[in-house]
Amino acid sequence: MPSGEGGAASREPRIAEGDDAEARLFTAAILTGNYVAARSVLHAAIGDGLGYVYERIVVPAMEEVGRRWYENRISVADEHLATAVAQTAVASIYPLIQWPPGGPRAVVGYVEPERHVFGARMVADLLALDGWRTTFASGGISLARGLEELRGSEVKLFAVSVTLGEHLPAARALIQRAREDVPGVKILVGGRAVAALPDAVQLLGADAVAASASRAVEVARAWR
Ligand code: B12
Numbered sequence: 023m024p025s026g027e028g029g030a031a032s033r034e035p036r037i038a039e040g041d042d043a044e045a046r047l048f049t050a051a052i053l054t055g056n057y058v059a060a061r062s063v064l065h066a067a068i069g070d071g072l073g074y075v076y077e078r079i080v081v082p083a084m085e086e087v088g089r090r091w092y093e094n095r096i097s098v099a100d101e102h103l104a105t106a107v108a109q110t111a112v113a114s115i116y117p118l119i120q121w122p123p124g125g126p127r128a129v130v131g132y133v134e135p136e137r138h139v140f141g142a143r144m145v146a147d148l149l150a151l152d153g154w155r156t157t158f159a160s161g162g163i164s165l166a167r168g169l170e171e172l173r174g175s176e177v178k179l180f181a182v183s184v185t186l187g188e189h190l191p192a193a194r195a196l197i198q199r200a201r202e203d204v205p206g207v208k209i210l211v212g213g214r215a216v217a218a219l220p221d222a223v224q225l226l227g228a229d230a231v232a233a234s235a236s237r238a239v240e241v242a243r244a245w246r
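Numbering (the numbering used here), first residue to last: 23 to 246.
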């Protein structure tokens, strides 16, 4: 149970049940644009691993931002600020991480016009930490171009993130395209829209689905 912050002077009322103190602090920091505080929370927690930082601190904080945005308790500008501060704070921990060199090749991305980047980024980072030579397609992947520039480059794993349900048909088409471009590639799917889809593997033509970035690492390990 959250301890709750209580008190009329508190800027941040308690957030969702199950969130811990670090997630609450991080949420308060990003919502107030306090990069220094956001960074401190993550730097203090990185000893518990990048998976912990992502799934116990950053994901619940972004979900809370989404909740407040949906309920009109914060503006679009507040959401943009919170997202930017969260991404910058995450980037500040990269130099603290020992990234293993080499490994089998993985590409992680999302199909245009999806603009939700953070989940795919987390999957890319945790795969890299688990020894995959990972390319993160940070600007999204064009349906028309697919992975054609990677033909012959021995990509073993293609991981596709889909947040909005309306992007599922494009994701399906991209996956078909990727199978043509890189024969034999294993395809893993995930993200908010996929989590809401009972037959995601069949509907998207993927090899597997995973509900979180750390689960993605476990599934991908069998394909190395
Ligand atoms: C930040 C944000 C944005 C930012 C994104 C910026 C960026 N650089 O990413 C911006 C402002 C661009 C944005 C835009 C929009 N957004 Co938005 N956004 C969010 C918000 C607040 C946080 C997203 C986030 O970073 N979450 C944290 C990540 C890490 O979570 P995740 O993606 O689910 O990832 C985890 C798992 O799903 C999994 N995973 C993810 N990808 C993959 C891939 C693989 C292969 C695997 C195995 C696993 C996996 O691992 C991750 C960690 O464990 C969410 C709220 C929320 N609850 O998520 C709304 C939210 C997703 N957005 C929403 C909406 C409606 C929109 C807009 C349509 C708003 C509008 N009217 O313009 C647009 C659409 C833009 C587009 N074309 O995509 C809705 C979606 C509702 C729905 N239909 O489901 C949400 C839920 C907000 C809400 N409560 O209404 N958004």
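For each residue, glycine too, the CB sits at the ideal point set by N, CA and C.
Residue i: CB within 7 Å of a non-hydrogen atom of the ligand B12
| i | result |
| --- | --- |
| Leu151 | no |
| His102 | yes |
| Thr110 | no |
| Thr185 | yes |
| Pro191 | no |
| Arg214 | yes |
| Arg137 | yes |
| Phe158 | no |
Cβ-based neighbour list, residue i, same chain, cut-off 8 Å, excluding 5 preceding and 5 following
| i | result |
| --- | --- |
| Gly29 | In this prediction, Gly29 has a pLDDT of 31, which is less than 50 and means its spatial position is unreliable; what the coordinates show is noted afterwards. Excluding sequence neighbours, Gly29 sits near nothing in its chain. |
| Ala228 | Val182, Ile197, Ile209, Leu210, Val211, Ala222 |
| Trp121 | Ala150, Leu151 |
Selection from the options that minimises the alpha carbon distance to residue i
| i | options | result |
| --- | --- | --- |
| Arg90 | Tyr132, Ala146, Leu53, Ile209 | Leu53 |
| Val184 | Val63, Leu226, Gly206 | Leu226 |
| Leu172 | Asp70, Arg199, Ala230 | Arg199 |
| Glu85 | Ile115, Tyr116, Gly69, Thr105 | Thr105 |
| Arg137 | Gln120, Gly161, Gly125, Met144 | Gly161 |
| Ala111 | Pro126, Ala166, Ile79 | Ile79 |
| Ala50 | Ile96, Leu151, Met144, Gly69 | Ile96 |
| Ala66 | Ala238, Glu93, Ser114 | Ser114 |
Residues near residue i in its chain [Cβ-Cβ closer than 7 Å; skip 5 each side]
| i | result |
| --- | --- |
| Ala217 | Ala233 |
| Ser236 | Gly73, Glu77, Leu148 |
| Trp245 | Lys178, Leu179, Lys208 |
Spatial neighbours of residue i in its chain, beta-carbon cut-off 6 Å, leaving aside the 5 residues before and after
| i | result |
| --- | --- |
| Val129 | Thr157, Val177, Phe180 |
| Gly187 | Ala215 |
| Glu39 | Residue confidence for Glu39 is low, a pLDDT of 45 falling below 50, so the modelled location carries little weight; the figure read from the coordinates is stated next. Answer for Glu39: no residue qualifies. |
| Ser164 | Glu134 |
| Val223 | Val231 |
| Leu169 | Ala200, Asp203, Val204 |
Which ranges does the alpha helix (DSSP H) cover as unbroken runs of at least 4 residues, wholly within the region 82-143, from first to last along the chain?
98-113
To test your reading of the DSSP string, which unbroken alpha helix (DSSP H) runs of 4 or more residues are found completely within the region 175-241?
190-203, 214-217, 222-226
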